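Some notes on the structure that comes next.
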Amino acid sequence: MRGREPVAEPLPYAEVTDDGYATRVAETFSVRRYGPAVLLSGDCPRCQHPITCPIVGEVYRREASQAPVDPGYRTLLCSCAADHPTRPDGLAGCGAYWTVTLEVES
Amino acid sequence: MIRLRPGPPATLADLRRAQELAALLRGELDRVRAAALAWRNGLGGLLVALVGFSLIRGRSDVSTLAPGWGALVGVLLLAAIGAGVAGALALLRAAHGPLSVTPVAELPPAPLGEHREALAAARALRLGVLLVLLCTALLIAAVGVTWYAPGQP
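Note that the protein sequences, when read in sequence, are chains A and B. The numbering of the first sequence is my numbering, which starts it at 1 and goes up by one. The numbering of the second sequence is my numbering, which starts it at 1001 and goes up by one.
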């Protein structure tokens, strides 16, 4: 466990992760496929607010693309709309992040 | 069916990459639209310059060409018009969105709806640029044939 914080309201923004986050998300999040994209939905394992996490395979950017590096997993972060004190401008969520892998089963 | 499994321990680099991707997704559609507008204006200017150039130089009457050459110019111009119109429509599609309406039942959730439209707009932009460049090449070929093909005997 790294950087775990006590659950209190309102939870301040903190970029923290925890081995339990990924486990809880894997057990509780719903997975829906929309064409080539996937949408994960559930409650943030840190702040408990509802979040949706889009998983996409490509994105448009103006700069020339660099050589793709696929780490084999996806990093998700809390993107809830709730107010979390000390959150930097331009960011969303409570700061929690974790990784998951998506396995396609036939 | 897709199954979620816990991944490896996340690092700060993973977080930064995820934040960067989230920011890219938030402004994706606006970036595609802005790029499409810039390409539309640039390619429009290119075509205007090309047409202006062709009006002030060389032979301009295809009826003075040798048999067969006039028909070739006609085919080239017809193809150029077709490519130009299709390219313009594709660029407008990329810059301003589709003309069709979407059934409510098919609406994806907000973050994916904009992403899907951004990818469609980017595809339309690439197609539009290629078609307008093809139109330009066909126009140049038509003008070149008009100028340099043998005349009536």
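In this text, a Cβ means the ideal position worked out from N, Cα and C, and glycines have one as well. Remember, it's a predicted structure, so these values are computed and weren't measured experimentally.
Requested in this report: Apply the 10 Å Cβ neighbour rule to residue 1110/B and answer buried if 16 or more other Cβ atoms are within range, or exposed otherwise.
Outcome: exposed
Query raised in the report: At which residues does the beta strand (DSSP E) containing residue 34/A begin and terminate?
Result: Here the beta strand (DSSP E) through residue 34/A covers 30-34.
Query raised in the report: From what residue to what residue does the alpha helix (DSSP H) around residue 1128/B run?
Result: Start and end: 1110-1148.
**Report entry** Helix, strand or coil at residue 1063/B according to DSSP, with G and I counted as helix
**Finding:** helix
Query - Under 8 Å by beta carbon: chain A residues contacting residue 1019/B - result: 77, 91
Requested in this report: Determine the DSSP secondary structure at residue 1104/B, reduced to helix, strand or coil.
Outcome: helix
Query - Unbroken beta strand (DSSP E) run spanning residue 37/A, endpoints - result: 37-43
Query raised in the report: Mapping DSSP to helix, strand and coil, what is residue 1093/B?
Result: Residue state, collapsed to three classes: helix.
**Report entry** Residue-level contact to chain B via CB, residue 60/A, 8 Å cutoff
**Finding:** Yes, residue 60/A counts as interfacial toward chain B.
Query raised in the report: Could one say the Cβ of residue 1028/B lies closer than 8 Å to chain A's Cβ atoms, at least one of them?
Result: It does; some Cβ of chain A falls within 8 Å.
Requested in this report: Could you tell me which residues DSSP puts in a beta bridge with residue 104/A?
Outcome: 1002/B
Requested in this report: Check the Cβ-Cβ distances between residue 1002/B and every residue of chain A, and say whether any is below 8 Å.
Outcome: yes
Report task. Closer than 7 Å by beta-carbon distance: list the chain B residues that pair up with residue 34/A, in chain order. Result -> 1108, 1112
Report task. Using a cut-off of 7 Å between C-beta atoms, extract the partners of residue 1103/B located in chain A. Result -> Residues of chain A passing the Cβ test: none, with the nearest at roughly 15 Å.
Query raised in the report: Rounded C-beta distance between residue 1006/B and residue 96/A? I'm assuming under 8 Å.
Result: The Cβ separation is near 14 Å, so there is no contact.
Query raised in the report: By Cβ distance below 7 Å, which residues in the same chain neighbour residue 1076/B in space, the five residues on each side in sequence not counted?
Result: Excluding residues within five positions, the ones whose Cβ falls inside 7 Å are 1138, 1141, 1142, 1145.
Query - residue 1061/B at chain A interface by Cβ criterion, 8 Å - result: No - not a single Cβ of chain A is within 8 Å of the one on residue 1061/B.
Query raised in the report: Closest Cβ-Cβ distance between residue 26/A and chain B: below 8 Å?
Result: yes
Report task. For residue 1006/B, return the contacting residues in chain A, with the cut-off set at a CB-CB distance below 7 Å. Result -> 22, 23, 26, 100
Query raised in the report: In this structure, what does DSSP give as the bridge partners for residue 54/A?
Result: 39/A
Query raised in the report: Does the distance from the CB of residue 56/A to the CB of residue 1025/B come in under 8 Å?
Result: yes
Query raised in the report: How would you call residue 45/A, buried or exposed, if buried means at least 16 neighbouring beta carbons within 10 angstroms?
Result: buried
Requested in this report: Go ahead and pull the three-state DSSP assignment for residue 61/A.
Outcome: Of the three classes helix, strand and coil, the one that applies to residue 61/A here is coil, per DSSP.
Requested in this report: Just the chain A side, please: which residues come within less than 9 Å of residue 1142/B by C-beta, in chain order?
Outcome: Within 9 Å of the CB of residue 1142/B, no CB atom of chain A is found; the nearest one sits about 34 Å away.
Query raised in the report: At what residues does the alpha helix (DSSP H) containing residue 1025/B begin and finish?
Result: 1012-1026
Query raised in the report: For residue 1115/B, does the count of other Cβ atoms within 10 angstroms reach 16, so buried, or fall short, so exposed?
Result: Burial call: buried.
Query raised in the report: To which residues of the same chain is residue 1091/B closer than 8 Å at the C-beta, ignoring the five residues directly before and after it?
Result: Around residue 1091/B: 1036, 1039, 1040, 1043, 1124, 1125, 1128, 1129, 1132.
Query - Span separating the alpha-carbon of residue 58/A from that of residue 1049/B - result: Here the alpha carbon of residue 58/A sits roughly 36 Å from the alpha carbon of residue 1049/B.
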